[in-house]
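Undergrad:
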Amino acid sequence: MSVAPRVVLVGPMGSGKSAVGALLAADLGVLLRDTDADVEAVAGRPVAAVFAEDGEPAFRALERAAVVDALREHTGVVSLGGGSVLDDDTRADLVALRSPVVLLTATWEHVRDRLGDTSTRPVLAGGAETRWREVMAARERHYAEVADHVVPTDGRSARAVADVVLRLLAST
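When we follow our numbering, the leftmost residue of the sequence shown carries the number 49, and every step to the right adds one.
#1: Taking the alpha helix (DSSP H) that ASP84 falls in, what are its first and last residues?
#2: Using three-state DSSP, classify VAL95 as helix, strand or coil.
#3: With VAL126 as the anchor, note down where its beta strand (DSSP E) starts and where it stops.
#4: To the nearest whole angstrom, what separates the beta carbons of GLY62 and VAL159, a pair I think is in contact under 8 Å?
#5: Would you mind working out which of LEU134, ALA185, GLY129 and ALA176 sits nearest VAL56, comparing C-alpha positions?
#6: Would you mind giving the Cβ-Cβ distance between VAL78 and ARG93, rounded to the nearest angstrom? I have them listed as a contact below 8 Å.
#7: Kindly indicate the opening and closing residues of the alpha helix (DSSP H) around LEU134.
#8: Roughly how many whole angstroms lie between the Cα atoms of MET49 and VAL133?
#9: By alpha-carbon positions, which one of GLY175, THR178, ALA140 and ARG181 ends up nearest to VAL194?
#10: Under the three-state reduction of DSSP, which class applies to VAL56: helix, strand or coil?
#11: Going by alpha carbons, who is nearest to LEU216 out of PRO148, ALA85, SER205 and ASP136?
#12: If distances are taken between C-alpha atoms only, which option among PRO200, VAL125, THR83 and HIS122 comes closest to ARG108?
#13: In terms of alpha-carbon separation, which member of TRP156, ARG189 and GLU188 lies closest to ALA176?
#14: Among ALA210, ARG189, VAL90 and ASP75, which residue has its Cα nearest to the Cα of LEU110?
#15: Pull the bridge partners of LEU71 from the DSSP assignment, please.
#16: Tell me VAL198's beta-bridge partners as DSSP assigns them.
Encoded structure:
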């Protein structure tokens, strides 16, 4: 018998995947697995350092391996890094997954305050707002491709978003 996550969270940086994931995991009595944390554990350094020292392709390879392991081994809540959907194989895995994939959406106006110091976010180097909007434009169709459910997070607390996701899970 294969295992599958209870739910997979995808979405842009600052949409609340980690905070909502932690609440969902606690509510469901399962563990949260964050693929960015998995990458950091394997690399032995923060994501920003992997980007800076090894480049984005090296980071994406580590991220892909983390996603494969999480989807294959974890039975709790999985939170994927914002750019994980750029990988064709990851998108195919998410579409084929028997677990629900929930897209958490957000606008720049709400994300800006959540992100705080963007210097630790290499994807946003060179002007946070402009880069965030460019990144979103490049990823939106990929998020839509894999999502079973879409939950807007603007103006909602992590608790309110988690409650919406719990209702969605109860209805599936």
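Idealized CB from N, CA, C, for every residue including glycine.
TA: According to the data block:
#1: 83–91 is the span of the alpha helix (DSSP H), which, as asked, contains ASP84.
#2: Three-state DSSP puts VAL95 in a helix.
#3: For VAL126, the enclosing beta strand (DSSP E) covers residues 125–127.
#4: About 3 Å; that satisfies the 8 Å criterion.
#5: Closest option to VAL56, Cα to Cα, is GLY129.
#6: About 28 Å separates the two Cβ atoms, so there is no contact after all.
#7: Secondary structure note for LEU134: it is in no alpha helix (DSSP H), with a DSSP letter that is neither H nor E.
#8: Confidence at MET49 is low in this model, with a pLDDT of 39, below 50, so the placement of that residue is unreliable and no value is reported for it.
#9: Comparing Cα positions, the closest option is ALA140.
#10: VAL56: strand per DSSP, three-state reduction.
#11: Checking every option, the nearest Cα to that of LEU216 belongs to PRO148.
#12: Nearest C-alpha to ARG108: THR83.
#13: Of the listed residues, the one whose Cα sits closest to ALA176 is TRP156.
#14: Of ALA210, ARG189, VAL90 and ASP75, the residue nearest in Cα terms is VAL90.
#15: According to DSSP, which records beta bridges pairwise, LEU71 is partnered with nothing at all.
#16: BP columns for VAL198 point to LEU151.
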